[in-house]
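*Asks:*
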Amino acid sequence: MIAIIDYDVGNIKSVCNALDKIGLSWVLTRDPETIKSAKGIILPGVGAFEDAMQSLIDHHLVTLLQQEIKTGKPFLGICLGMQLLYERSFENGEFKGLGVLKGDVVPFQTELKVPHMGWNALRINEDFRDHPIVKNTKNDDYVYFVHSYYVDGLEEETIAYCTYDRPFSALAGRDNLLGMQFHPEKSGDIGLRLLQSFKEMIS
Amino acid sequence: MLAKRIIPCLDVRDGQVVKGTKFQDLQILGSPVELARFYNEQSADELVFYDITASFENRGIFLDVVETVAQEIFIPFTVGGGVNTLEDFTKLLKRGADKVSVNSGAVKHPFLIQEAAKKFGSQCVVLSIDAKRVDTRQDYPAEVDGSLEAGKVDTCKVDANAAGADPAWRVFTKGGRNDTGMDAILWAKKGVALGAGEIVINSIDQDGVKKGYDIPLLQALQREVSVPVIASGGAGSVEDIIEGFDIGGADGCLAASIFHHKEILIPELKKALMDKGIPVRR
């Protein structure tokens, strides 16, 4: 059983459906005891950084999540849920994130259309070729993105890149902590394989 | 590189995917889930479902369809048809749709776009426009905002005088029978300003004719709006779709009958696009 963090942001129906599909049982919760006893955690999220962070604060989830990440429990942030893992975001101001990965969330500044929306290709950082999350993923596998801000993070915490106007961190992580800027639950078989790999990281 | 999208469009009536012209001789093509699965295997990048159910009582069936598809198919899908209220948005998204497309509902109440974008995010608000080419702009009605709520009129008013170069297109509703008097490009811009995250532009002139998308219309939209533009209406061949991307600049190309009747198989289409240097998802 894993915990999907319930903090009133966006539509998480697709995430739940995809977990059902790969046979990973989940509970949608914000109860501290349930979260602590879960074998893994998914932090979903759609919408604005400030609202989402405020919602985590309001539900007393910030310290709890930071502690749970420290235990080494498999943890996956999806889309905005990934961005929340970083130190700061510059989405409509400057806001503090959970700060468990190093880097900032910054806006695309490009002639290309923003949001970056649609299917784009992953390129795996060779240093992470043996990471369990990408064991069934290869270079140029396409995944589905919808975002206007991207993570400007460390090379050594970037498992896979995507290139829009510039390369950015599409799949990040350290130890058992992972963030996916794309939506694995909407990325067809490739996305399901990534979730399957996450499932296999949960003992 | 961001891939150009191939999007099959499925009309759903009373729980079945149907195909017919002008609501006559409707032919049942199969179950939505089966077809969605087929298109997923064919590497379609996205699916669009339109509810064309005639009776109000049967509209619940469409919600069940949305839910079943969402449990089986893990690529983005858009739903539309008869979306008039924020509650319609909520219902469809709760059942698992990723985006909701509004058409005449937004013409009647432009603020629906804004409310939905605020509540759910622009990424799930698609403005679908049925556009018809007109020769001149002179006969634009002075007022196009009759049905708007008082006090909100200015924000959504389409300014006919601010029009650019020829040719021009007008927004139609009711399956192309009702001329709204609104300029299609201006309406698209207004829609984006209100929060629409994507435009689907359906050419009434080209629809069903299979002679290609309305390229000047696509080009005009590409110049004027900053969000993805999906071409609809007119694709009859692989070449038409290449033209939609290459010359029209579309971000996605939508088609129905050529895919349903297997006149074009998506893997072959994608190979042809790749050969032309157009980026597609493999």
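Top to bottom, those sequences are chains A and B. Going by this note's numbering, the first residue of the first sequence is number 126, and it counts up by one from there. Going by this note's numbering, the first residue of the second sequence is number 1061, and it counts up by one from there. By construction, the Cβ of each residue, glycine as well, lies at the ideal position given by its N, Cα and C atoms.
1) Can the beta-carbon of Gly298/A be found less than 8 Å from the beta-carbon of Ile258/A?
2) I need the boundaries of the alpha helix (DSSP H) containing Phe1122/B, first residue and last residue.
3) Report buried or exposed for Gly218/A, applying the criterion of at least 16 other Cβ atoms within 10 angstroms of its Cβ.
4) Only counting the same chain, and skipping five residues up and downstream in sequence, which positions put a Cβ closer than 8 Å to that of Leu1146/B?
5) Which whole runs of the beta strand (DSSP E) in the stretch 276-327 of chain A are 3 residues long or more, in chain order?
6) Since Ser273/A sits in a beta bridge, which residues does DSSP pair it with?
7) Does His256/A come within less than 8 Å of chain B when only Cβ atoms are used?
8) Is the separation between the beta-carbon of Leu177/A and that of Val134/A shorter than 8 Å?
9) Do three or more CB pairs link the stretch 248-255 of chain A to the stretch 202-222 of chain A at distances below 8 Å?
10) Can you name the start and end residues of the beta strand (DSSP E) that Gly329/A belongs to?
11) May I ask which residues mark the beginning and end of the beta strand (DSSP E) holding Thr1113/B?
12) With DSSP run on the structure shown, which of helix, strand or coil describes Gly1224/B?
13) How would you write the range of the beta strand (DSSP E) that Asn217/A sits in, first residue to last?
14) Could you pull the start and end residues of the beta strand (DSSP E) that Ala1295/B belongs to?
15) Run down chain B in chain order and give the residues with a C-beta less than 8 Å from the C-beta of Asn245/A.
16) Do Gly206/A and Asn301/A come within 8 Å of each other at the CB atom, strictly closer than that value?
17) Would Val152/A pass as an interface residue toward chain B - the criterion being a Cβ-Cβ separation below 8 Å?
18) Would a check of beta-carbon distances place Leu1333/B closer than 8 Å to chain A?
19) Does DSSP classify Ser1164/B as helix, strand or coil?
20) Can you find a C-beta in chain E that's less than 8 Å from the C-beta of Ala1130/B?
21) When DSSP labels each residue in this structure, what does His241/A get in the three-state scheme?
22) Could you say which of Asp265/A, Ser312/A and Thr188/A lies nearest to Cys204/A if we only look at CA atoms?
23) Does DSSP put Asp1214/B in a helix, in a strand, or in coil?
24) Whose C-alpha, out of Glu175/A, Leu168/A, Ser162/A and Lys195/A, is nearest the C-alpha of Gln306/A?
25) Taking just the CA atoms, how far does Gly1236/B sit from Leu186/A?
26) Return yes when the Cβ of Val1260/B is within less than 8 Å of the Cβ of Trp1247/B, no when it is not.
27) Going straight from the alpha carbon of Val1186/B to that of Glu1303/B, what length do you get?
28) Any C-beta of chain B within less than 9 Å: which residues of the stretch 221-255 of chain A qualify?
29) Kindly indicate which residue of Asp183/A, Pro292/A, Gln234/A and Ala128/A has the alpha-carbon position closest to the one of Ser150/A.
30) Quick check: is the beta carbon of Lys1154/B nearer than 8 Å to any beta carbon in chain A?
31) Inspect the beta-carbon positions of Tyr274/A and His308/A and report whether they are closer than 8 Å.
32) Compare the C-alpha of Leu188/A against each of Ser214/A, Ile160/A and Leu201/A and name the closest.
33) Which residue spans inside the stretch 133-178 of chain A form an unbroken beta strand (DSSP E) run of at least 3?
34) Among Leu320/A, Thr283/A, Tyr132/A and Lys238/A, whose alpha-carbon lies nearest the alpha-carbon of Ile182/A?
35) Considering only the beta carbon of each residue, do Val1143/B and Gly1165/B sit closer than 8 Å?
36) Alpha carbon to alpha carbon, what distance is there between Gly202/A and Leu320/A?
*Replies:* Result, derived from the coordinates:
1) Indexing the first sequence from 1 puts residue 298/A at position 173. Indexing the first sequence from 1 puts residue 258/A at position 133. Their beta carbons are under 8 Å apart, which means Gly298/A touches Ile258/A by this criterion.
2) Along the second sequence, read from residue 1 onward, the residue named residue 1122/B stands at position 62. Run containing Phe1122/B: Arg1119 to Glu1132, per the alpha helix (DSSP H) assignment.
3) For the purposes of this step, residue 218/A is identified with residue 93 of the first sequence, where counting begins at 1. Exposed: under 16 other Cβ atoms inside 10 Å.
4) Here the question's residue 1146/B lines up with position 86 in the second sequence. In its chain, beyond the 5 residues on either side, Leu1172, Glu1175, Ala1176 and Lys1179 have a beta carbon closer than 8 Å to the beta carbon of Leu1146/B.
5) With a minimum length of 3 residues, the continuous beta strand (DSSP E) runs that stay inside the stretch 276-327 of chain A are 283-288, 292-299 and 302-305.
6) Against the first sequence, residue 273/A aligns to sequence position 148. Ser273/A pairs with nothing; no bridge assigned.
7) Against the first sequence, residue 256/A aligns to sequence position 131. For His256/A, the answer is no, since every Cβ of chain B falls outside 8 Å of its Cβ.
8) The sequence position of residue 177/A within the first sequence is 52, counting from 1. The sequence position of residue 134/A within the first sequence is 9, counting from 1. According to the sequence provided, residue 177/A is Ala. The question's Leu does not apply to it. It is a contact, given that the beta carbons lie within the stated cut-off.
9) no
10) Past the boundaries of the shown model lies residue 329/A; chain A is included only from 126 to 328, so the question cannot be answered.
11) By one-based count along the second sequence, residue 1113/B stands at place 53. Where Thr1113/B is concerned, there is no enclosing beta strand (DSSP E), given that its DSSP letter is neither H nor E.
12) Walking along the second sequence from the start, residue 1224/B turns up at place 164. Confidence at Gly1224/B is low in this model, with a pLDDT of 48, below 50, so its placement is unreliable and no value can be given for it.
13) Translated into the one-based positions of the first sequence, residue 217/A becomes position 92. Annotation for Asn217/A: no beta strand (DSSP E) segment contains it, and DSSP assigns it neither H nor E.
14) Your numbering for residue 1295/B matches position 235 in the second sequence. That residue, Ala1295/B, is in no beta strand (DSSP E); it is neither H nor E in DSSP.
15) On the first sequence, position 120 is the one that residue 245/A refers to. Simply Met1061, Leu1062 and Ala1063.
16) On the first sequence, residue 301/A is found 176 positions in, with the first residue counted as 1. On the first sequence, residue 206/A is found 81 positions in, with the first residue counted as 1. Going by beta carbons, Asn301/A and Gly206/A fall outside the 8 Å limit.
17) What you label residue 152/A is simply residue 27 of the first sequence in a count that begins at 1. No Cβ of chain B is located within less than 8 Å of the beta carbon of Val152/A.
18) As a working note, residue 1333/B is residue 273 in the second sequence. Not closer than 8 Å to any Cβ of chain A, the Cβ of Leu1333/B fails to qualify, so no.
19) Taking the second sequence and counting its residues from 1, one reaches residue 1164/B at position 104. Three-state DSSP puts Ser1164/B in a helix.
20) The structure shown contains no chain E; its protein chains are A and B.
21) The sequence position of residue 241/A within the first sequence is 116, counting from 1. Here DSSP, grouped into helix, strand and coil, assigns His241/A to strand.
22) For the purposes of this step, residue 204/A is taken as the residue at position 79 of the first sequence. Out of Asp265/A, Ser312/A and Thr188/A, Ser312/A has the C-alpha closest to the C-alpha of Cys204/A.
23) Within the second sequence, numbered from 1, the residue matching residue 1214/B stands at position 154. Below a pLDDT of 50, predicted positions are generally treated as unreliable, and Asp1214/B, at 41, falls in that range; the measurement from the model is reported next regardless. Of the three classes helix, strand and coil, the one that applies to Asp1214/B here is helix, per DSSP.
24) As a first step, residue 306/A is located in the first sequence; it is residue number 181 there, counting from the start. Considering only alpha carbons, the answer is Leu168/A.
25) Translated into the one-based positions of the first sequence, residue 186/A becomes position 61. Translated into the one-based positions of the second sequence, residue 1236/B becomes position 176. Pairing Leu186/A with Gly1236/B, the inter-Cα distance amounts to about 52 Å.
26) Numbered from 1 along the second sequence, position 187 holds the residue referred to as residue 1247/B. Numbered from 1 along the second sequence, position 200 holds the residue referred to as residue 1260/B. The answer is no: Cβ separation not under 8 Å.
27) By 1-based counting over the second sequence, the position of residue 1186/B is 126. By 1-based counting over the second sequence, the position of residue 1303/B is 243. Using only the alpha carbons, I get a separation of about 23 Å.
28) Leu237, Lys238, Val239, Pro240, His241, Met242, Gly243, Trp244, Asn245 and Ala246
29) Here residue 150/A corresponds to residue number 25 of the first sequence, with the count starting at 1. Out of Asp183/A, Pro292/A, Gln234/A and Ala128/A, Ala128/A has the C-alpha closest to the C-alpha of Ser150/A.
30) Within the second sequence, numbered from 1, the residue matching residue 1154/B stands at position 94. It does: the Cβ of Lys1154/B has a partner Cβ on chain A nearer than 8 Å.
31) As a first step, residue 274/A is located in the first sequence; it is residue number 149 there, counting from the start. As a first step, residue 308/A is located in the first sequence; it is residue number 183 there, counting from the start. Taking 8 Å as the Cβ cut-off, Tyr274/A and His308/A do not qualify as a contacting pair.
32) Counting from 1 along the first sequence, the entry for residue 188/A is found at position 63. The sequence shown places Thr at residue 188/A, not Leu. Thr188/A has its Cα closest to that of Ile160/A, out of Ser214/A, Ile160/A and Leu201/A.
33) 151-154 and 166-168
34) Taking the first residue of the first sequence as position 1, residue 182/A is located at position 57. Closest by alpha carbon: Tyr132/A.
35) On the second sequence, residue 1143/B is found 83 positions in, with the first residue counted as 1. On the second sequence, residue 1165/B is found 105 positions in, with the first residue counted as 1. Yes, Cβ-Cβ distance for Val1143/B and Gly1165/B is below 8 Å.
36) Here residue 320/A corresponds to residue number 195 of the first sequence, with the count starting at 1. Here residue 202/A corresponds to residue number 77 of the first sequence, with the count starting at 1. Leu320/A and Gly202/A: Cα-Cα distance of roughly 12 Å.
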